[in-house]
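Participant: Please see the structure below; I have some questions.
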Amino acid sequence: MTGTLLGKRYELLEKIDSGGMADIFKARCRKTNSLVAIKILKEKFSDNPDYIERFKKEAGAVFSLGHPNIVDVTDIGNEDGVYYMVMEFIEGTTLKKLINRKAQISEKDAIKYSIQICSALSCAHAAGIIHRDIKPQNILIDNDGNVKLTDFGIAESLNGERERSKQVIGSVYYVSPEQAKGEPLDESTDIYSLGIVMYEMLTGQLPHTGKTVSVALKHINEQIIPPKEIRGGLSNAVNNIILKATSKEKADRYKTADAFKEDLILALTDPEGSFVDLPPEIINAGAKAAKKMRMNAFLKAGVLVLLAGAAVVLAVLGFSLFNPSAGGALPVPDLVGLDINAAQARASAFNVTATYQPSETVPEGTVISQFPEPGSRAAGGAAVNLVVSGGPEDLIMPDFTGMPVEDAKALIITMGLTIDDADISYEPSNDVSAGRVISQMPEAGEAVAKSDSVTLVVAEDAAQNTAPLPDCSGKALSDAVPLIFGSGFSNCFVYGEESKQKEGTVIFQSPAAGEMAKLSDEIDLHISKYADEKYQYKLRRVLNITENKTSIVIVVQEYVGQYPVNFVVKEIKDVNAGNCLINETIKRPSGGQKTVIVYVNNIETFSAEVNFDG
């Protein structure tokens, strides 16, 4: 789309980024001659109302805020089906790229960035908006060190119904415990995620890594290792701030982004202060996690000592493991693109650490980037930090039960999952309001991958889906059937009975006239059977019956006027398990093409278009 002019003023210069839903272009506004960033909804989503609604929602959320630490949206438009959002252009990088490049951010810079993020969150929360996807990829840092929070695409109102906030969306590496469990969310979820971001900034690694489901469970159940144990020299204040922000219980976290910000400001002037209010259980849990980490490190060190001893023995025997260059400085090998095991083997002279992050393009277990860069020199045993692909990011299925179906559909699409009208069924419910989700597949908490299909069962309005039965007694079948279908019913079965009444006359009905019934219920009409049934079809079929006392019903479906009616021609009860031979001559008063259906325990097991001959 480079060179395209949008809104008669925005000239697209180059694509600078791409996400799952939209592409971002650097552009020039011809009116002001200034650079802008334009987010354009991808073409494949431009005719999908749910994606369009999410796109507009993001623009509306940011448009209403207007804060120096939130990316500014200046325009939104639609030109020939191209939906676009115009934002300020930031000369800089994402926090994620900065972490990957530097491995660890200085404590002072990390605090300054976090203070600005708190300011942005405070503004959003005051406006009743929770971001729900705080992660380094959504935090921009300009060349002057100013922070801009972006991507409010899955932001949600705090003022709406609480059921709407029962979603597990966003990167699993940064989700709060309540988000991972699919519980209702509030401002506290953003505070937790920012605590995880701080942890990554300062230690160069995430507190919980692995596949999606295991990471989510760790967020729920495992206390993080205090960042001070990972990065020696980290101040006591910052260590405790992170532990408080990432508390498992919402009540133990900062109540507001402003309270979080106040402690960060104090940490700049009193880094060893004890002003952070930490519950004893958090301190104890952190100590236990640190002890476990040190024990693992001790065991690993023991193995290394044994290996070193073996190396000495080999050296005495005249073997040489390697010949390091003069002065102990070794060239850092190029590890990008290697499998993590191969990378560790190639860089065995160094202390290799790996941080995993999801990737749609790089195979799982493959090194994405490294620090120090290939070709630089470092002392033997020096740290080499790798960013390794965790593969495509799995998602955790949210709990949609009780949620309005349109909200559930929008969230399903937002997550990259698929749903269409055929995946939604409706049924009456006494417990769930009409239009809200009763059940779902996959169930809440299950791991799903992008493009997986979701099915929903939604409550229908019982009052709109029931009706009283019309009185059909004494009426000819040709008059009774239009009454049944005209009342909204669509599942009519007809039974022939011996009677002195005129053939085809309704003798009785079930349910009775005036009774309320679901429109999907079976309506039975018992009629005086036809005397002259000279048209026949021979049905011969073997059925595999799996349980005793099975019921078999054979019907012929034919039209009465314009309505399809099921005429029951044979009922066989108490059939035992095994092979059952159906060998029936079916007779009807009229000939031609008809549909023969066989039901076994009310489940259709055979259907065929056949010809009835005279």
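For reference, each letter of the sequence shown is one residue, going 22 to 635 in our numbering.
Backbone N, C-alpha and C define an ideal beta-carbon position, used for all residues, glycine too.
Ser39 to Lys63, Cα distance in whole Å?
Facilitator: If you take the alpha carbons of Ser39 and Lys63, they lie about 9 Å apart.
Participant: Measuring alpha carbon to alpha carbon, tell me which residue in Lys594, Val388, Ala629, Lys559 is nearest Asn623.
Facilitator: Lys594
Participant: Within 10 angstroms of the Cβ of Glu100, are there 16 or more other Cβ atoms? Answer buried if so, exposed if not.
Facilitator: exposed
Participant: Which residue's Cα is closest to the Cα of Tyr194: Thr376, Ser256, Pro300, Asn261?
Facilitator: Ranking Thr376, Ser256, Pro300, Asn261 by Cα distance to Tyr194 puts Thr376 first.
Participant: By Cβ distance, which residues of its chain are closer than 6 Å to Ala80, with the 5 residues on each side in sequence left out?
Facilitator: In the same chain as Ala80, and ignoring 5 residues on each side of it, the C-beta atoms closer than 6 Å to its own belong to Val94, Ile97, Met106, in chain order.
Participant: Taking a contact to mean a Cβ-Cβ separation below 9 Å, would you say Lys169 touches Ile286 in this structure?
Facilitator: no
Participant: State buried or exposed for Thr224, treating a residue as buried only when at least 16 other CB atoms are found within 10 Å of its CB.
Facilitator: buried
Participant: Are three or more beta carbon pairs between the stretch 381 to 391 and the stretch 417 to 435 nearer than 8 Å?
Facilitator: no
Participant: Kindly indicate which three-state DSSP category Arg30 falls into: helix, strand or coil?
Facilitator: coil
Participant: CA-CA distance, Ala497 and Ile528?
Facilitator: Whole-angstrom Cα-Cα distance: 10 Å.
Participant: Closest to Pro157 by CA distance: which of Ala131, Tyr72, Val218, Arg122 is it?
Facilitator: Val218
Participant: Using CA atoms only, rank isn't needed, just tell me which of Tyr620, Gly613, Asn569 is closest to Val590.
Facilitator: Tyr620
Participant: If you follow the alpha helix (DSSP H) that Gln365 is in, where does it begin and where does it stop?
Facilitator: 361 to 367
Participant: Quick test of your reading: Asp441 and Leu477, contact by CB under 8 Å. State the CB separation rounded to the nearest angstrom.
Facilitator: Between Asp441 and Leu477 the beta-carbon gap is near 11 Å, outside 8 Å, which marks them as no contact.
Participant: Are there 16 or more other CB atoms within 10 angstroms of the CB of Met462, so buried, or fewer, so exposed?
Facilitator: exposed
Participant: CB Asp279 to CB Ala258, shorter than 9 Å?
Facilitator: The answer is no: Cβ separation not under 9 Å.
Participant: Please report the distance separating the alpha-carbon of Thr606 from that of Asp634.
Facilitator: 12 Å
Participant: What residue range is occupied by the uninterrupted alpha helix (DSSP H) comprising Ile281?
Facilitator: First, the residue type needs correcting, since residue 281 is Phe and not Ile in the sequence shown. Unbroken alpha helix (DSSP H) run through Phe281: 278 to 290.
Participant: May I have the straight-line CA-CA distance separating Ile245 from Phe66, to the nearest angstrom?
Facilitator: 39 Å
Participant: Rank Thr230, Lys29, Ile575, Gln583 by C-alpha distance to the C-alpha of Arg609 and give the top, closest one.
Facilitator: Across the set Thr230, Lys29, Ile575, Gln583, the C-alpha of Ile575 shows the shortest separation from the C-alpha of Arg609.
Participant: Kindly indicate which three-state DSSP category Tyr580 falls into: helix, strand or coil?
Facilitator: The DSSP-derived three-state label of Tyr580 is strand.
Participant: With 16 as the cutoff for other CB atoms within 10 Å, does Ile151 come out buried or exposed?
Facilitator: buried
Participant: Go ahead and pull the three-state DSSP assignment for Ala201.
Facilitator: helix
Participant: Contact between the stretch 565 to 575 and the stretch 611 to 619 is defined here as three or more beta-carbon pairs at a separation below 8 Å; is this criterion met?
Facilitator: yes
Participant: So what does Pro425 bridge to, in DSSP terms?
Facilitator: Arg457
Participant: Apply the 10 Å Cβ neighbour rule to Ser369 and answer buried if 16 or more other Cβ atoms are within range, or exposed otherwise.
Facilitator: exposed
Participant: Got a sec? Which residues, its chain only, sit under 6 Å from Phe76 by beta carbon, not counting five neighbours each side?
Facilitator: Leu62, Tyr104
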